[in-house]
């Protein structure tokens, strides 16, 4: 809050003239300033820090720019060559510039937290209200509010302090590390605390393993690390040394070079090197600049939740404040005309203010809407770290899903292999000869390792290797002694062992005594898998042979483009389509002989290794849908919630899964969009294809633009990550049209998933994201509601974590979100109507020289309002998602009409009760009140109080309507029982109160006839009938439908406008027809050739069979 910051500044700072100010943000020393990743000499350095980020003044750009480490605009050659460490001068400068290498989360003191919480607007208003109530001798309610507020404050402060301590204990960490430094005597190795590291330091990875506290890139050796904190996947990952050679010097990028980078927060399990040399890494980023630091920073300073409800609450408060101001003026004028004492005028006018703006509004909205829903979600094993996101999840109208591990099972089962030299597929790869290229590719091309005797690694690699019936051997030494060594991993066929017993022995315990088997393959270099390259390779050597062999595996379209054309079977595309249309995951394998010695093989760039390959075959993995997937997708479709698949898998595999789970119906058209960037990298050409027929779409030229003719308005667009990137660069307007019809986004990199989420939000969607935590962290954080199916620490990246590893949590969350949102709106309307109803009662009685008594105030505020408001949230959500989403705004025509009509009706009936009262002969005018303002025991007080108590109960009933997002009110047994009890007590107070009760409440019933008492009850019942008709029939049905239809016609969301334009209008939504190209989806020699440009048509290869 702006006022809060201003108030704190006023309390702790003094205002002075600029001429007297000291430039404390300016540090002066002559040395290096790291701006945008470059090293630059400067005489003066100006910087400031904001939200744990430092910004430096760039004299050339004449603006402040963000401080980066060596990860920004730094050539890889610079990192590889500068391995000697920092000089003393460089160390001092960089430590001053970057500060200590600590992710230090400030833990505020209890009194500091308490002070800030008390400064919240409503706590301040509660303090003010309590003071007024004590001045008015309204002790009972004031004492209750004090107890509730103190209890709430203590719980809140304790929770904040506990969360800060927990986050600090998780984030902060330091250790003793070995670091290379350049001193006067030469290069030395020092033992220092990790908090004193700076970018450019060269650290030595210890023999006993360690937890990393910096982001560093390996320059020698290799490591096996666990990155579960950052990726959510606890599978060991191999990190290799960054090797730079050749004339092309690329800039370092954390994502592109992630296989060489050890990130902060990861645990190093093993290190290896040749001989006794050290495993070294160059520090790139420290502190909050690291990957872990950025994750903690996003938790400290979360993205502001852009949601209408918070803004609407403020608007309601402004309206209530306006009413309060008018009532305050009326009270002052009225009392001054009656010559009332100034202190009495002040107290009565402030009473009006505290009545009109209910201090308990935020607490009741939180308890009724969010807390109850959060408790029910926890019972369903869905845990929330951002309670405010529960309401937002009720607005979700588009949900994105990762494929593997989310829609489909985690584990992959090997279905079969298809060697190039066989006509049929083979179910058991071990039936191939042990030296067959395909079997050797499967046995060697992986990143498996043994940890504590257990073969571990990527699940796909494990399945692939186990199917070969090869034996995996690493140096037969303890794991703790493998550090600083690089002895090649060896694989050998189990059938060449002397007998089965020896094979089992070798499999479990390593090499047996005696001579080794006659055939074994050593893996001497690994080129790890890259999501951008979509492949991995290894260099191997067979024992006794001089030549080296390269084995490569990866995406079929990528591998096919790297192979010799003559090695690719003629029916490659046909076989690939046959598998992918059935939803199988297909991996291509290739090999080649490498004419290089051992030393040269270690230095060769990847581009020279992975080229001119010989295609060896296809590996087919089966990935089944999870049992609940199709059921949930169907449920979301029935609720008009759009489902989108965003995956890194093959486009046809993803498309097949989308059809299998009913994201795409069998009868609906599917259009595949393919983009190709030209050689100059300044434009892209586009091609559109039906996935269901072996021919391309004929675009129709309309003026200078093109549109796609489709047979139905219900079509889906499929896009790959490469196309998505090209559209973002060259056709951003077209991309906005594509994403509103896109259902499958395949081969998407992690950052592209996040970009897609943000684009969907830009066009008006409320977007949810469900992923298994691996490569989905960015998208989960960007979504309005992210659900992680991972049980690891990566779940902190999402607002919700489900312990049930399927997407059944999605409809449960949306149901609870809708229920919480509707409940919050109901509580908001109820509290607004309650305050204005009581406000009307007080002003009417002020006019008639009276007021409500303290006991009547206490009964209304504490026994009527508080139980009802807090029990609203106990109504369970409806078990069927409605097609009609809940309203996202409480300030629209419908809610404003609802509140206004109820307020007007309530005020009229209160006035009617006084008019009817004055007609009776026994009515006694309040003469005593004309002089001393203390006449509370009167007939006017009884009439207004008797009618108003029923109005509060009526408002609770009509605002508790469940349909279509909540169950009926009567299923909320606590609320129903409470309302019944309160109605009975109210009837008792109005009709037959005992003498002691009359005295306690100060009710004047001495001459009040029974027929007037029954009239008061009748007015209450009449109010119930009229209010129910207005709220249910007029507002809930007719007005809501009318306004919804009108808004959709006059001001529809952008995504609806785009959908209508794309699906129904002939207006152009493609680039000019001259940009339409004939790129095909294949990458081998069967790629399409351009057709005659006048026809604006291109043909699809016959191998693309109907999916």
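Residue numbers (our numbering): 15 to 1121.
In this text, a Cβ means the ideal position worked out from N, Cα and C, and glycines have one as well.
Owing to the predicted nature of the structure, the values given are computational and were not obtained by experimental measurement.
| Query | Result |
| --- | --- |
| Straight-line gap, residue 773 to residue 921 (C-alpha atoms, nearest Å) | 48 Å |
| Simplified DSSP assignment, three categories, for residue 730 | strand |
| Rounded straight-line distance, which links the Cα of residue 191 to that of residue 51 | A caution first: residue 51 carries a pLDDT of 43, below 50, which makes its placement in the model too unreliable to give a value. |
| Cβ-based neighbour list, residue 845, same chain, cut-off 7 Å, excluding 5 preceding and 5 following | 372, 375, 378 and 883 |
| Stretch pair the segment 185-199 + the segment 165-177: three plus CB contacts closer than 8 Å | no |
| Neighbour-count burial assignment, residue 612, 16 or more Cβ in a 10 Å radius | exposed |
| Cβ neighbour criterion (16 or more within 10 Å) applied to residue 240 | buried |
| Expected contact under 8 Å - CB spacing of residue 217 and residue 295 to nearest Å | 6 Å |
| Enclosing beta strand (DSSP E) for residue 485 [first to last residue] | 484-487 |
| Which listed residue (547, 404 and 537) has its alpha carbon closest to that of residue 555 | 537 |
| Expected contact under 8 Å - CB spacing of residue 848 and residue 966 to nearest Å | 6 Å |
| Which of helix, strand or coil DSSP assigns to residue 675 | coil |
| Bridge-paired residues (DSSP) for residue 100 | 195 |
| Residue 889 vs residue 832 beta-carbon contact at 8 Å | no |
| Contact under 8 Å by Cβ, residue 564 with residue 603 | no |
| Proximity of residue 293 and residue 235 at Cβ, strictly below 8 Å | yes |
| Runs of alpha helix (DSSP H) wholly within the segment 1003-1075 (minimum 4 residues, chain order) | 1009-1015, 1024-1042 and 1054-1064 |
| Per DSSP, cross-strand counterpart(s) of residue 533 | BP columns for residue 533 are empty, so no partner. |
| Residue burial classification, residue 76 (beta-carbon count within 10 angstroms, cutoff 16) | exposed |
| Residue 240 (DSSP reduced to helix, strand or coil) | strand |
| Touching by the beta-carbon criterion (3+ pairs, under 8 Å), the segment 744-757 and the segment 781-798 | no |
| Under the three-state DSSP convention, the category residue 433 falls into | strand |
| Terminal residues of the alpha helix (DSSP H) in which residue 652 lies | 643-652 |
| Same chain only: Cβ atoms within 6 Å of residue 990, ignoring 5 sequence neighbours per side | 984 |
| Cα-Cα separation, residue 850 to residue 110 | 59 Å |
| Rounded distance between the beta-carbons of residue 993 and residue 1031, thought under 8 Å | Not confirmed; about 16 Å, so no contact. |
| Segments assigned alpha helix (DSSP H), at least 4 residues, entirely inside the segment 577-611 | 586-594 |
| At least 3 beta-carbon pairs within less than 8 Å: the segment 196-216 vs the segment 107-126 | yes |
| Among 954, 907 and 968, the one whose alpha carbon lies nearest that of residue 1052 | 907 |
| Exposure label - residue 675; buried when at least 16 CB within 10 Å | buried |
| Sequence-distant residues of its chain with Cβ nearer than 7 Å to residue 1069 (five each side left out) | 754, 777, 778 and 779 |
| Alpha-carbon spacing of residue 391 relative to residue 819, whole angstroms | 15 Å |
| Inter-stretch contact at 8 Å, needing at least 3 Cβ pairs: the segment 1012-1020 / the segment 869-882 | yes |
| Start and end residues, alpha helix (DSSP H) containing residue 747 | 746-753 |
| Neighbour-count burial assignment, residue 730, 16 or more Cβ in a 10 Å radius | buried |
| C-alpha distance - residue 297 paired with residue 570, whole-angstrom precision | 37 Å |
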